[in-house]
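Input: a single structure, listed below in structure tokens.
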Amino acid sequence: MTAVQADARGILDEIALVARKAAIRDDGDVITAQIPGPDLEAVVHLLAAAPGARLAHMFVSDGQPGGEGEPVILRLVWAVDGQQRYLLTESAVEAETYPPLSDIAPAAFHEECEIYEQFGIRPATGRPLNRVVLPPHAGPDFPRLGHPPTQPPREVHAPHTVGGQAFEFPFGPVRQVGAESLYYGLVTSGEEIVDVHVFIWHKHRGVEWRLRERSPADGLFFAERMEGLSAVANGWAFAAAAEAATGLLPPETAARSRGVALELEQLYNHAAAVAALCQTTGLSVGQSAAEIALEQLLRLNAAAFGHRYLFGVVGIGGARRAPDPAPLRRDLRRDLPRAYGELRRAADSLLSTNSFVDRLEATGVLSAEQARLLGLVGPVARATGLGVDARHDHPASPYAAAPPAVVTRAGGDVLARFHVMLAEAAESVRLIGQFLDAGAGAAVPAANWIAARRHQQEPASAGQSRPAASRSPGSSSTTRVGSPARGCGRPRCATGGASTTPAGHETCSPTFRSSKPASG
Amino acid sequence: MAAWFLHGLRRGIVTTRYPARPDSSADDLPTPPRFRAGEMTDEIAERLAAVCPSQALRRDGGVLVYDVGGCTACGRCEEAAPGVAVPGGQFELAVTSRADLVKRIPLRSEASS
């Protein structure tokens, strides 16, 4: 496994050398460095070269370029995985251009293109940007997070022409199950791909724009549905952000429910990926075998959590659903090994099929350095030897107590990715068993969790119940401290409930980080 | 390829008999709600119309219009009005006319409450 080592303190010392007026604030998990605009390029050079630091994201806040009103703030999020920390650099963009960051950190290119579409500022390269988010018909009045560009992109690659002996092989946006609606225009003269045009605007729904001024509960609803095959992952990420902002800490049993759901999500996505590999290699029998496993896993999701794609599991401050009561957990323990065994047997047969293995070996090779510069994560990055895994590198409960084994391979090709996914599927089965053994339940905080926090901070008389907070539309019903949340009638559901809650039951109420102030 | 032949023989046919026979896994699926009209107050109807993300629920005077065809079975209405909106338990909702998917639920009048 490639060593991932980075000393956040050392990086900050170097930043201070190249950006003498940088203001640095250490908040524990996140270090924020305000970098003057003229020093940004040098700082990005430094961070892009630092081993173990990877550019995770880049975005801007609203403002007015060109010196009118508040400036646009350009933020870059760097993951210092070895230190379980993030470094956030902030720089004001006074003009309509900023340094060409993707020349230094290629991972920034997609964000540069989107930032131009949404906020009208661009890197000072003069080279063409791609149209990535907004559809071609998006005029000046199209909903944007910021301001439209004063000039249209010089080249948007749509329409475009391919000259010489090459042709463009159109792939997507309508694709098979498990693949997003992306268009890849693969420019090739036959075997080798020499260029690619990527358009992702076909299903643009403006989710970020729609999220503005909505409640956290609504935000979670949207986040789950941003990409339906990652409902748990995206929902958990959104909930974690809301929890960090409000000081909520989910109960351990609810955290383990999230963990079970997340591992199930990874399992079925890996099964779908195996099926997709079989389809692309023309092995329909193998595809069917993998899809049998996929269907079994989806049915398992529905039985355990009430939804084949695990919607509605994550709640802000907890988990809305869990494999509860005991018969459901027993069924999960019985049926999960069967479904995984189905996938494993299919994979073993695939690995003994030369025509399949030959198509994967030495195909799509990426080096670890390429993966790091491109900011790759997931099985693709781990198949190059990079040991990046958010569950391990930035652990939240339940992974802090039960760290997953990070699977890597050194080949960097599709076969290495196949092996990584198989090993990760086995690890997911192990983790699910571990979480169930420790206890996984459903619990969400009261609808008005700020009021609940005040209740928790007030001394309680023994045996007395607290008045239920008012219920607002779309929110979970309140729970009385010391009583469980009643279900809406469906099994496994901790939300909704009757207008009165039963007495005499135990529950796991969320706790609050004492260092976090209540937000308004 | 012999390995795949044996793999298939061992696995057998896994295709279900649905619709000739019910598929038990359907019991685990979310379904569009049904509403208890006798408890549908004006306030609850407003709440339901506000919470539905696909506009399958909307007010029309003294009626809550419920478009089953627009429902995604997300369950937010059931959370917002538990006991009034309950899981319908049905997902075999094919009809021959689009209009048959639109239900009009009269609101409980104050005089009858």
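Line by line, the protein sequences are chains Y and Z.
Start counting the first sequence at 0; every next residue gets the next number (numbering that gives the first Met the number 0).
Start counting the second sequence at 0; every next residue gets the next number (numbering that gives the first Met the number 0).
Think of the CB as a built atom: it goes at the ideal place given N, C-alpha and C, for glycine as much as any other residue.
Backbone CA spacing between residue i and residue j [nearest angstrom]
i       : j       : result
L16(Y)  : T88(Y)  : 15 angstroms
V193(Y) : E116(Y) : 26 angstroms
S101(Y) : P21(Z)  : 55 angstroms
R320(Y) : L219(Y) : 14 angstroms
V173(Y) : Q433(Y) : 39 angstroms
K102(Z) : V64(Z)  : 6 angstroms
Q286(Y) : S351(Y) : 15 angstroms
A502(Y) : A370(Y) : Here the model assigns A502(Y) a pLDDT of 30, short of 50, so the residue's position is not dependable, and the following value carries that caveat. Between A502(Y) and A370(Y), the C-alpha separation is close to 55 angstroms.
P148(Y) : G36(Y)  : 20 angstroms
F141(Y) : P135(Y) : 11 angstroms
H6(Z)   : R344(Y) : 8 angstroms
G411(Y) : A382(Y) : 5 angstroms
V62(Z)  : G37(Z)  : 12 angstroms
L247(Y) : P397(Y) : 15 angstroms
H44(Y)  : T14(Z)  : 57 angstroms
H418(Y) : R408(Y) : 8 angstroms
C76(Z)  : A302(Y) : 22 angstroms
7 angstroms Cβ cutoff, residue i in contact with chain Y
i       : result
A44(Z)  : no
S24(Z)  : yes
D27(Z)  : yes
V83(Z)  : no
V13(Z)  : yes
A110(Z) : Confidence at A110(Z) is low in this model, with a pLDDT of 47, below 50, so the placement of that residue should be treated as unreliable; the coordinate-derived value is given next. Closer than 7 angstroms: no.
Chain B contact for residue i (CB, 7 angstroms cutoff)
i     : result
A2(Z) : The structure shown contains no chain B; its protein chains are Y and Z.
Minimum C-alpha distance to residue i - residue among the options
i       : options                               : result
D99(Z)  : C51(Z), G68(Z), A25(Z) and W3(Z)      : G68(Z)
F170(Y) : L185(Y), E179(Y) and Q164(Y)          : L185(Y)
A367(Y) : L266(Y), R416(Y), A244(Y) and K20(Y)  : R416(Y)
A238(Y) : I315(Y), S90(Y), W77(Y) and L365(Y)   : I315(Y)
E226(Y) : G205(Y), T245(Y) and T31(Y)           : G205(Y)
V313(Y) : E69(Y), E264(Y) and Q278(Y)           : E264(Y)
P394(Y) : T245(Y), A422(Y), G234(Y) and Q82(Y)  : Q82(Y)
R209(Y) : Q33(Y), R358(Y) and L144(Y)           : L144(Y)
D26(Z)  : Q89(Z), W3(Z) and A72(Z)              : Q89(Z)
A380(Y) : T362(Y), F355(Y), V406(Y) and V356(Y) : V406(Y)
A222(Y) : R211(Y), P215(Y), G234(Y) and A216(Y) : G234(Y)
D217(Y) : C51(Z), P86(Z), T71(Z) and P105(Z)    : C51(Z)
Where residue i falls, given that 16 or more other Cβ within 10 Å makes a residue buried
i       : result
Y339(Y) : buried
H306(Y) : buried
D347(Y) : exposed
N353(Y) : exposed
E113(Y) : buried
I12(Z)  : exposed
Q54(Z)  : exposed
G74(Z)  : buried
M57(Y)  : buried
Y267(Y) : buried
G9(Y)   : exposed
Contact with chain Z by residue i, beta-carbon distance below 7 angstroms
i       : result
V273(Y) : no
A21(Y)  : no
I523(Y) : No statement about residue 523(Y) is possible, as the shown extent of chain Y runs from 0 to 519 and does not include it.
V284(Y) : yes
R130(Y) : no
A439(Y) : no
S427(Y) : no
R298(Y) : yes
S348(Y) : yes
S351(Y) : yes
A301(Y) : yes
(message) Report the start-end ranges of each beta strand (DSSP E) in the stretch 17–92 of chain Y that is 3 residues or longer and not cut off at the edges.
(response) 22–25, 29–33, 52–60, 71–79 and 84–92
(request) Taking only runs that begin and end inside the stretch 183–259 of chain Y, name each unbroken beta strand (DSSP E) of 3 or more residues, in chain order. (result) 192–198
(request) Entirely within the stretch 366–396 of chain Y and at least 4 residues each: give me those alpha helix (DSSP H) ranges in chain order. (result) 367–372, 377–381 and 389–392
(request) Please specify which runs of the beta strand (DSSP E), each continuous and at least 3 residues long, are wholly inside the stretch 11–81 of chain Z, giving them in chain order. (result) 32–34, 56–59 and 62–66
(request) Pick out the complete alpha helix (DSSP H) segments inside the stretch 100–153 of chain Y, 4 residues or longer, and give them in chain order. (result) 108–118
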